[in-house]
Amino acid sequence: MEPDVTILYNVFHEEAIGLPIAIYFYMTGLSAGSFLLSTMAYGFGLQKFKPLGKTGVVLATLLLALAPVNLIIDLGQPLRFWHLFPYLNFRSPITWGSFLLLAYPINCLIYGFFMFKGNLKLTKTFGLVGIPLAISVHGYTGFILALGKAYALWNTALMPLYFLMSAMVSGIALMVIVVQIRSWVTREKMNHELAITLGKMLAYTILIDLFFVLSDVLVLLTADTEARESALLLLQGEFRPYFVGVELILGAFIPAILLLVPRTGRHTPTVIIASVLAMIGVFAMRYVMVIGGQGIHLS
Amino acid sequence: MARWAMVIDMRRCIGCFACAVACKAENDVPLGVWRSWVKVIEKGRYPFVGQSFLPSMCNNCANPICVRNCPTQATYQREDGIVMVDPHRCIACKYCMASCPYNVRYVHPTKKIVQKCQWCHHRVDVGLEPACVNACPTSALIFGDITDPGSEVSRIIASNPVQVLKPDRDTQPQVYYIQADMAAMRTMGLAELDKIEKHEGNRNKRS
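Respectively, the protein sequence lines represent chains A and B.
Going by this note's numbering, the letters in the first sequence line up with residues 1059 to 1357, in that order.
Going by this note's numbering, the letters in the second sequence line up with residues 3 to 209, in that order.
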């Protein structure tokens, strides 16, 4: 052990990226998740998911039309956002994103257009084209963090996968809630069987997500000093309520238990409650990753 | 072509902050942000105590992650190694700030673009030294061309044990320190951060 160290003077600069970016990541995740669910029926022909197709594509398009607003208001020079296109840098993940954020909503519109027109063949084509796009449009946000290599919490190859899996969690949860609201509004009876199937999918994706969290935290705790400090910041430090409390307990353990215990998992209301909790949990995950990642002071 | 580099000799540094002040004045750096500063640490217990300094600035890395990650090529590297920010190109997405392992970039509070130490390129281009080097009363800061084996920096780097900040990040920093303290060079720990925040209230807390 070295002797007591006190920092007498050091400089802190503001955190680089803040809440709008966390919200942006959350919205692209919801969009990608909704899109993937919508292709279950129209891309892969799983008839059970047919009621989700149209809702899914509308949500995916709307969310992705709104998500980049967060990015632009976060810029110091919002009116210069067009610099992203003529002055692009292909080594930067943000440049990948600028093009994905153009291509993906356009594809969503075409896919949705043919779906509402009832042209199943073309719907299928654009649904299948959209799958890699949806994965990329959310996966690249994982790369933004992973390749911003200053922070130990971000700089892990797990990040894009972890982001994609939590996108599926939040996408399924959003779909359950929206389908429920739609059935209230149209006074149609909610499709019980579909809700239970979605509940099961939600439970499994939450379990995979939890595995990623476990893997991430275990490696962080043993990798290097900064990594350990980042992990401790989440487990014991100021982000503990958000990480352990909201993301893990409220947003993952409780919904997973609710859905997996046969006595509670068979009821539609359980699935809805679990979905609300899971959506809150995934938002906490985005917040903890983006803001908590920068909790370590690098100078 | 020259490749600029800097040596900071901690055996000579007296912690006077002249470099930080000169930088503020030369580059018109606004209140609340710094291009160059001196980190000060204290360690041990009476009677065995020590104080160490770490003049900090942009390392103008040979493999700069900020240049790689800038989506508009606003941050670029000149042939002589100085990493620049084009004030008209920068959109202040702040991804460079999030990528930099050394916390040397900031958003200008009113111009709303990212700025950083550019080794006073306007002075270097006319044959002068950067303002911090010029101001250092003990010549602890030495600036020169690392590709010229006869230059002062090359001779010092070749004949002294030197180290750079966070070499594991593969950014290949071009500020070389002689006899810098381990605790000053490493990222500030959470316990140390807590101590500062308790001492100084919110004054130095991140905004």
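Ideal Cβ positions, reconstructed from N, Cα and C, are used throughout, including at glycine.
Whole-Å CB distance - residue i paired with residue j, under 8 Å assumed
i: B:ASP183; j: B:ILE16; result: That pair is no contact at about 15 Å.
i: A:HIS1250; j: A:THR1326; result: 6 Å
i: B:VAL177; j: B:ILE67; result: No, B:VAL177 and B:ILE67 are not in contact; Cβ-Cβ is about 16 Å, not under 8 Å.
i: A:PHE1107; j: A:LEU1117; result: Actually they do not touch by this definition, with Cβ atoms about 14 Å apart.
i: A:LEU1278; j: A:ALA1210; result: 7 Å
i: B:GLU194; j: A:VAL1063; result: 6 Å
i: B:TRP36; j: A:VAL1069; result: 5 Å
i: A:ILE1330; j: A:GLN1238; result: 6 Å
i: B:CYS25; j: B:CYS134; result: 5 Å
i: B:ASP127; j: B:ALA4; result: Their Cβ separation, rounded to whole angstroms, is 11 Å, which puts B:ASP127 and B:ALA4 out of contact at 8 Å.
Rounded separation between residue i and residue j - CA only
i: B:CYS95; j: A:PHE1093; result: 28 Å
i: B:ALA27; j: B:ASP196; result: 31 Å
i: A:GLN1352; j: B:ALA100; result: 8 Å
i: B:LEU167; j: B:CYS119; result: 16 Å
i: A:ILE1307; j: A:MET1233; result: 22 Å
i: A:VAL1236; j: A:ALA1074; result: 34 Å
i: A:GLY1188; j: A:TYR1084; result: 19 Å
i: B:CYS21; j: B:LEU143; result: 9 Å
i: A:PRO1078; j: A:LEU1133; result: 10 Å
i: B:ASN29; j: B:ASP88; result: 15 Å
i: A:PHE1201; j: A:ARG1344; result: 14 Å
i: B:ALA137; j: A:ALA1289; result: 41 Å
i: A:PRO1299; j: B:ILE198; result: 23 Å
i: B:PRO151; j: B:ALA64; result: 18 Å
i: A:PHE1139; j: B:THR112; result: 18 Å
i: B:ASN204; j: A:LEU1066; result: The predicted model places B:ASN204 with a pLDDT of 47, which falls under 50 and marks its position as unreliable; any figure quoted below should be read in that light. The straight-line gap from Cα to Cα measures roughly 15 Å.
i: B:ILE158; j: B:TRP6; result: 14 Å
i: B:GLN174; j: A:GLN1105; result: 56 Å
i: A:ILE1081; j: A:PRO1144; result: 27 Å
i: B:GLN165; j: A:TYR1220; result: 36 Å
Closer than 9 Å at the beta carbon, the chain C residues around residue i
i: B:GLN174; result: No chain C appears in the structure shown, which is made up of the protein chains A and B.
Check whether residue i and residue j have beta carbons under 8 Å apart
i: B:GLN75; j: A:ASN1147; result: yes
i: A:ALA1342; j: A:LEU1260; result: no
i: B:SER58; j: B:SER38; result: yes
i: A:THR1119; j: A:LEU1167; result: yes
i: A:ALA1285; j: B:CYS102; result: no
i: B:ARG107; j: A:HIS1071; result: yes
i: A:SER1228; j: A:VAL1340; result: yes
i: B:PHE145; j: B:PRO132; result: yes
i: A:ILE1193; j: A:LEU1222; result: yes
i: A:TYR1162; j: A:VAL1127; result: no
i: A:ILE1130; j: B:PRO73; result: no
i: A:GLN1135; j: B:LYS41; result: no
i: A:LEU1159; j: A:PHE1172; result: no
i: A:SER1156; j: A:ALA1125; result: no
i: B:LEU192; j: A:LEU1293; result: no
i: B:TYR104; j: A:SER1357; result: yes
i: B:ARG186; j: B:LEU56; result: Checking the sequence shown, residue 186 of chain B turns out to be Ala, not Arg. In this structure, B:LEU56 lies closer than 8 Å to B:ALA186 by Cβ.
i: A:GLY1197; j: A:PRO1218; result: yes
i: A:GLU1305; j: A:VAL1275; result: no
i: A:ALA1123; j: A:GLY1111; result: no
i: A:ALA1314; j: A:ILE1264; result: yes
i: A:LEU1231; j: A:GLY1087; result: The question names Leu, but residue 1231 of chain A in the sequence shown is Ala. Contact flag unset, no.
i: A:ILE1312; j: A:GLY1076; result: no
i: B:HIS110; j: B:MET86; result: no
i: A:LEU1317; j: A:LYS1258; result: yes
i: A:ARG1321; j: A:THR1113; result: no
i: B:GLY83; j: B:ASN61; result: no
i: B:ARG188; j: A:THR1283; result: yes
i: A:GLY1309; j: A:ILE1338; result: yes
i: B:ARG171; j: A:HIS1141; result: no
Exposure of residue i, with buried meaning 16 or more beta-carbon neighbours within 10 Å
i: B:TYR48; result: exposed
i: A:HIS1355; result: buried
i: A:GLU1287; result: buried
i: A:LYS1175; result: exposed
i: B:LYS45; result: buried
i: A:LEU1191; result: buried
i: A:LEU1252; result: buried
i: A:LEU1272; result: exposed
* Residues from the stretch 1122-1139 of chain A in contact with chain B, defined by Cβ distance under 7 Å -> LEU1133, GLY1134, GLN1135, ARG1138, PHE1139
* Given a limit of 8 Å on CB to CB distance, which residues of the stretch 177-198 of chain B reach chain A? -> MET184, ALA185, ARG188, THR189, MET190, GLY191, LEU192, GLU194, LEU195, LYS197, ILE198
* To do: Name, going along the chain, the residues of the stretch 29-60 of chain B whose beta-carbon falls closer than 8 Å to a beta-carbon of chain A.
  => VAL35, TRP36, TRP39, VAL40, LYS41, VAL42, ILE43, GLU44, LYS45, GLY46, ARG47, PHE50, GLN53, SER58
* **Residues within the stretch 1061-1077 of chain A neighbouring chain B, beta-carbon criterion of under 7 Å** => Those residues of the stretch 1061-1077 of chain A that come within reach of chain B (Cβ to Cβ, closer than 7 Å) are PRO1061, ASP1062, VAL1063, THR1064, ILE1065, LEU1066, TYR1067, ASN1068, VAL1069, PHE1070, HIS1071, GLU1072, GLU1073, ALA1074, ILE1075.
* Selection of the stretch 73-90 of chain B by Cβ proximity to chain A, strictly under 8 Å -> Residues of the stretch 73-90 of chain B whose Cβ lies closer than 8 Å to any Cβ of chain A, in chain order: PRO73, THR74, GLN75, ALA76.
* Asked: Relative to chain A, which residues along the stretch 92-107 of chain B have a C-beta separation below 9 Å, given in chain order?
  -> CYS92, ILE93, ALA94, CYS95, LYS96, TYR97, CYS98, MET99, ALA100, SER101, CYS102, PRO103, TYR104, ASN105, VAL106, ARG107
* To do: Residues of the stretch 1187-1198 of chain A with a CB closer than 7 Å to any CB of chain B: list them in chain order, please.
  => Against chain B - using a Cβ distance shorter than 7 Å - the stretch 1187-1198 of chain A contributes no residues.
* Going along the chain, which residues of the stretch 135-152 of chain B sit with their C-beta nearer than 8 Å to a C-beta in chain A? -> none
* To do: Select from the stretch 1205-1239 of chain A all residues with a C-beta closer than 7 Å to any C-beta belonging to chain B, and list them in chain order.
  => LEU1205, GLY1206, LYS1207, ALA1208
* Under 9 Å (Cβ pairs) to chain A, residues found in the stretch 108-129 of chain B -> TYR108, VAL109, HIS110, LYS113, LYS114, ILE115, VAL116
* Asked: Using Cβ-Cβ distances below 7 Å, what residues of the stretch 159-173 of chain B are close to chain A?
  -> Shown in chain order are the members of the stretch 159-173 of chain B whose Cβ falls below 7 Å from a Cβ of chain A: ARG171.
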